[in-house]
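Numbering (my numbering), first residue to last: 468 to 618. Glycine included, each C-beta is placed from N, C-alpha and C at the ideal position.
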Amino acid sequence: MSEPVRLFIVTDNPERACLSVMNCFPCDCPPFVRILTEADAIREIPEGARCIGQWFAWSDRRPDEAQMAWEWRKGAGDIEGISEAFFQRIDEWNAKRREAEARILAEAVAELTEGRVTSFSEFANAHAAATAAASENVAVFPSQPRVSRWK
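Take a look at the structure:
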């Protein structure tokens, strides 16, 4: 069973809107947030839903269908905005997420630093040796005397 949607972000640019509202990219957005860009989806927002519009290419002269659907939903008066308290909860969620990510990263780095450190040249040589194709008939270049062009 999926988590209920607690916030709809209506936008023309999901990446920028998610960064602006949630302070994260859409791939890191929590399941309680839904980002909508299509007019049909905007029209289907449930009554009483908490919504925020984040438009980056708003056009009063030539609104697209999604903009018109958003204006219609706001005009109907059956959706809610976002309170300061809700934004504070988003900030708390972000703080917890950053804390968890920092802990996971610190643990991963600690595990990596416990072993022997390999120089880049050793790593590159080991990788080259591991991926080299074995050959029984290696062509040997005939040795040629070095001739100097400068006399």
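Checklist entry - With respect to the alpha helix (DSSP H) encompassing I509, which residues constitute its N-terminal and C-terminal limits? => result The residue given as residue 509 occupies position 42 in the sequence shown. Start and end: 506-510.
Checklist entry - Can the beta-carbon of I549 be found less than 8 Å from the beta-carbon of I519? => result In the sequence shown, counting from the first residue as 1, residue 549 sits at position 82. In the sequence shown, counting from the first residue as 1, residue 519 sits at position 52. Against a cut-off of 8 Å, the Cβ pair of I519 and I549 comes out as a contact.
Checklist entry - Expressed to the nearest angstrom, what Euclidean distance is found between the alpha-carbon atoms of A506 and M535? => result Counting from one through the sequence shown, the residue named residue 506 turns up at place 39. Counting from one through the sequence shown, the residue named residue 535 turns up at place 68. Near 8 Å, if we compare the C-alpha coordinates of M535 and A506.
Next on the checklist: With distance defined between alpha-carbon atoms, name the residue in I476, E470, V472, P471 nearest to K541.
Outcome noted: For the purposes of this step, residue 541 is taken as residue 74 along the sequence shown, with counting starting at 1. Checked all of I476, E470, V472, P471; the closest Cα to K541 is I476.
Checklist entry - In the structure shown, what three-state DSSP assignment does C518 receive? => result The sequence position of residue 518 within the sequence shown is 51, counting from 1. In this structure, C518 counts as strand in the three-state DSSP scheme.
Checklist entry - Which class does V477 belong to by DSSP, given the choice of helix, strand or coil? => result Sequence index remark: in the sequence shown, residue 477 carries index 10 (1-based). Correct three-state label for V477: strand.
Checklist entry - I546 and A524: beta carbons closer than 8 Å? => result One-based indexing of the sequence shown puts residue 546 at position 79. One-based indexing of the sequence shown puts residue 524 at position 57. Taking the C-beta atoms as reference points, A524 is found no nearer than 8 Å to I546.
Checklist entry - In terms of DSSP beta bridges, what is V500 paired with? => result As a working note, residue 500 is residue 33 in the sequence shown. BP columns for V500 point to L474.
Checklist entry - Do I502 and P481 come within 8 Å of each other at the CB atom, strictly closer than that value? => result Residue 481 sits at position 14 when you count from the first residue of the sequence shown. Residue 502 sits at position 35 when you count from the first residue of the sequence shown. Result yes, Cβ atoms of P481 and I502 sit closer than 8 Å.
Next on the checklist: Among the candidates M489, T478, E470, whose CA atom is the shortest distance from the CA of K563?
Outcome noted: Translated into the one-based positions of the sequence shown, residue 563 becomes position 96. Nearest C-alpha to K563: M489.
Next on the checklist: If contacts are defined as beta-carbon pairs under 8 Å, then P497 and W560 qualify, I think. What distance do you get, rounded to the angstrom?
Outcome noted: Here the question's residue 497 lines up with position 30 in the sequence shown. Here the question's residue 560 lines up with position 93 in the sequence shown. With a Cβ gap of about 7 Å, P497 and W560 count as contacting.
Item to check | Inter-residue Cα distance where the pair is T598 and V576 | outcome: As a working note, residue 598 is residue 131 in the sequence shown. As a working note, residue 576 is residue 109 in the sequence shown. Cα-Cα distance, rounded: 27 Å.
Item to check | Reference Q521, options T478, A595, A567, L572, closest by Cα | outcome: For this step, residue 521 is matched to residue 54 along the sequence shown. Closest by alpha carbon: T478.
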